[in-house]
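Undergrad: Just so we're on the same page, the numbering used here is the position in the sequence shown counted from 1, plus 31.
Just so it is clear, CB atoms sit at the ideal spot from N, CA and C, and this is done for glycine as well.
Just so it is clear, the structure is predicted and the values come from calculations on it, not from any experiment.
Handing you this structure, nothing more for now.
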Amino acid sequence: MLGLAKLNLKLSLLLLAPVVAVVLGWSYLPRFVFILLLACASIAALSVALGRDAWRQAHRAAAAAPAAKAAPLPAAKAAPQPRSAGRRAQARAAKRGEVLLPPDATVTLSEERAAAGVDDVFTSLDNELVGLVPVKKKVEEIASLLLVDRVRQKFGLSAPRPNLHMCFTGDPGTGKTTVALKMAELLHRLGYLESGHVVHAMRDDLVGEFIGHTAPKTKRVLDRAMGGVLFIDEAYYLYRASDSKDYGQECIDILLQVMENDRDKLVVIMAGYKDRMDGFFESNPGMSSRIAHHIDFAPYHLDELVAIGRAMLDQASYYLSDEAEAAFRDYLTIRMDQPRFANARSVRNELERARLRHAHRLASEAHVDRTRDDLMRLEPADILTSPIFSLLGIDE
Ligand SMILES: Nc1ncnc2c1ncn2[C@@H]1O[C@H](COP(=O)(O)OP(=O)(O)O)[C@@H](O)[C@H]1O
Ligand SMILES: [Mg+2]
Numbered sequence: 032m033l034g035l036a037k038l039n040l041k042l043s044l045l046l047l048a049p050v051v052a053v054v055l056g057w058s059y060l061p062r063f064v065f066i067l068l069l070a071c072a073s074i075a076a077l078s079v080a081l082g083r084d085a086w087r088q089a090h091r092a093a094a095a096a097p098a099a100k101a102a103p104l105p106a107a108k109a110a111p112q113p114r115s116a117g118r119r120a121q122a123r124a125a126k127r128g129e130v131l132l133p134p135d136a137t138v139t140l141s142e143e144r145a146a147a148g149v150d151d152v153f154t155s156l157d158n159e160l161v162g163l164v165p166v167k168k169k170v171e172e173i174a175s176l177l178l179v180d181r182v183r184q185k186f187g188l189s190a191p192r193p194n195l196h197m198c199f200t201g202d203p204g205t206g207k208t209t210v211a212l213k214m215a216e217l218l219h220r221l222g223y224l225e226s227g228h229v230v231h232a233m234r235d236d237l238v239g240e241f242i243g244h245t246a247p248k249t250k251r252v253l254d255r256a257m258g259g260v261l262f263i264d265e266a267y268y269l270y271r272a273s274d275s276k277d278y279g280q281e282c283i284d285i286l287l288q289v290m291e292n293d294r295d296k297l298v299v300i301m302a303g304y305k306d307r308m309d310g311f312f313e314s315n316p317g318m319s320s321r322i323a324h325h326i327d328f329a330p331y332h333l334d335e336l337v338a339i340g341r342a343m344l345d346q347a348s349y350y351l352s353d354e355a356e357a358a359f360r361d362y363l364t365i366r367m368d369q370p371r372f373a374n375a376r377s378v379r380n381e382l383e384r385a386r387l388r389h390a391h392r393l394a395s396e397a398h399v400d401r402t403r404d405d406l407m408r409l410e411p412a413d414i415l416t417s418p419i420f421s422l423l424g425i426d427e
């Protein structure tokens, strides 16, 4: 505020001086001399105004010259961040075709989020995935870090690119792959990945069976994933502690190298059961140190599984009648305690089977008139005929 008042005072004085000079000249000088002097003064003022920018640039260049280092220069004072850091940020901004914002500019993060299209990803994450509150919170935290980092770069505040390799742990069907797809989209929209594609790989895609096979196999997968996300499912199978001749170690070594050297081109997400991933990291501390974010996917509760089922059916224009929903709850209560239960995937599979039974039920009474609602509504019979109720076993 004080600085602004001083500036206004200086400007007023500067304007007052020529006005006084013109009034005095007009009163006391002969007309011809007055007009001549006025013309000269105008030309001089114009030259100063035009030459000022060039002079400033020359002055800045002199300030940057090493020979001038000893003298304290005003241009050096005007740049508070380290020079090399500022230049790096400037170069990055130039690469993205952006102009750095002046230090006194302001930005709102909500506008930045909307401009990057991040809000759309969060809306679809919220709408498509039931529950998963801690996971969504962690994704939001990572997105916030990247958003703030992005805005800092616009001001020339350089920071090293954050490490974005991640590990998703949890039981099967808890949403790890689905969230990895959303994460890739998010990283792409925030400008941290060239594309939002995800390459899904397991041990067999990466590790060869003979000498000399592993490196080309791993590199082929890495080449496909470059610019996006490499999602390694059940990553612990890469390492076999019992087998010293296993080629998995060769693959891990290549991955370690790429995760370090190409971290601005590729994000690796490893996934699997929590206890096994913990064991894998204990045996491979190098890998553990390269993973920045660990996200745990908890198994779903019964109510969440029912809500997931409802959402899946809704997307396919089906619904459960009240009695059918009660039967579906009973089904899930039994199924959750059985081996190979796979959370939301088991829900999806059972509902696919319920649709088959529904279709068969309608088709078996082909002569009956059917309404639109009949074609959408699943009844208890479509659930209760599951072999699980007669304890005949399951087939998933
Ligand atoms: N919270 C959820 N809400 C709705 N559908 C879900 C949810 N979690 C998982 N799914 C669905 O369940 C299926 C399996 O999920 P997936 O991401 O492949 O699990 P994972 O990779 O952990 O085994 C997918 O069809 C997915 O859309
Ligand atoms: Mg999966």
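Please output, in chain order, the residues near ligand 2 using a CB cut-off of less than 6 angstroms to any non-hydrogen atom of the ligand.
TA: Those satisfying the condition are, in chain order, K207, T208 and D264.
Undergrad: Return the Cβ separation of H196 and R321 in integer angstroms, given the expectation that the two are a contact with Cβ distance under 8 angstroms.
TA: With 8 angstroms as the limit, H196 and R321 qualify as a contact, their Cβ atoms being about 5 angstroms apart.
Undergrad: Grab me the residues of A338's own chain with a C-beta within less than 7 angstroms of its C-beta, minus the 5 sequence neighbours each way, in chain order.
TA: Only V161 meet the Cβ criterion.
Undergrad: Taking Cβ positions, are F311 and Y349 nearer each other than 8 angstroms?
TA: No, they are not a contact pair.
Undergrad: Determine the closest residue to H228 out of I419, A70 and T209, with distance taken between C-alpha atoms.
TA: The residue with the shortest Cα to Cα distance from H228 is T209.
Undergrad: Just grab the DSSP bridge partners of Y59 for me.
TA: The partner list for Y59 (beta bridge, DSSP) is empty, contrary to what the question assumes.
Undergrad: Give the DSSP bridge partners of A232, in chain order.
TA: Answer is I263.
Undergrad: Does the distance between the C-beta of A375 and the nearest non-hydrogen atom of ligand 1 fall short of 7 angstroms?
TA: Checking the Cβ of A375 against ligand 1 gives yes.
Undergrad: Go ahead and pull the three-state DSSP assignment for M257.
TA: Coil at M257, not helix or strand.
Undergrad: Can you give me the start and stop residues for the alpha helix (DSSP H) that V298 sits inside?
TA: First-last for V298: V298 to G303, but that is the beta strand (DSSP E), not the alpha helix (DSSP H).
Undergrad: Note down, in chain order, each residue of its chain lying with its Cβ closer than 7 angstroms to the Cβ of A390, except the 5 sequence neighbours on either side.
TA: If we look at A390 and ignore the five residues flanking it on each side, it has no Cβ neighbours.
Undergrad: Between S275, P191, A412 and P61, which has its C-alpha nearest L351's C-alpha?
TA: Looking at the Cα atoms, A412 is the closest of the given residues.
Undergrad: For E265 and D404, what's the separation of their Cα atoms in angstroms?
TA: Rounded to the nearest angstrom, the two C-alpha atoms are 43 angstroms apart.
Undergrad: How long is the line joining the alpha carbons of R376 and I365, rounded to whole angstroms?
TA: The alpha-carbon atoms of R376 and I365 are separated by roughly 16 angstroms.
Undergrad: Report the rounded CA-to-CA distance for D22 versus G340, giving the unit in angstroms.
TA: In the structure as shown, the chain starts at 32 and stops at 427, and residue 22 therefore has no counterpart that could be examined.
Undergrad: Would you say L253 and V289 are within 8 angstroms of each other, going by their C-beta atoms?
TA: Yes, these two residues count as a Cβ contact at 8 angstroms.
Undergrad: Is the distance from the Cβ of P370 to the Cβ of T205 below 8 angstroms?
TA: Going by C-beta atoms, P370 is not nearer than 8 angstroms to T205.
Undergrad: In whole angstroms, what separates the C-alpha of V152 from that of I414?
TA: Their backbone Cα atoms lie some 34 angstroms apart in a straight line.
Undergrad: Might you give, ordered along the chain, the residues of its own chain that have their beta carbon closer than 8 angstroms to the beta carbon of K250, omitting 5 neighbours on each side?
TA: Cβ neighbours of K250 beyond the five flanking positions: I285.
Undergrad: Report the partner residues of C198 according to the DSSP bridge assignment.
TA: Note: C198 sits in a beta bridge opposite M301 and H325.
Undergrad: Where D202 and L132 are concerned, what is the direct C-alpha to C-alpha distance, given to the nearest angstrom?
TA: Each residue's alpha carbon lies about 46 angstroms from the other.
Undergrad: For L328, count neighbouring C-beta atoms within 10 Å of its own C-beta (all shown protein chains included) and say buried if the count is 16 or more, exposed if not.
TA: According to the sequence displayed, residue 328 carries Phe and not Leu. Buried: at least 16 other Cβ atoms inside 10 Å.
Undergrad: Going by the CB atoms, is the gap between E396 and A355 shorter than 8 angstroms?
TA: No, they are not a contact pair.
Undergrad: In terms of residues, what are the limits of the alpha helix (DSSP H) holding E335?
TA: Residues L333 to Q346.
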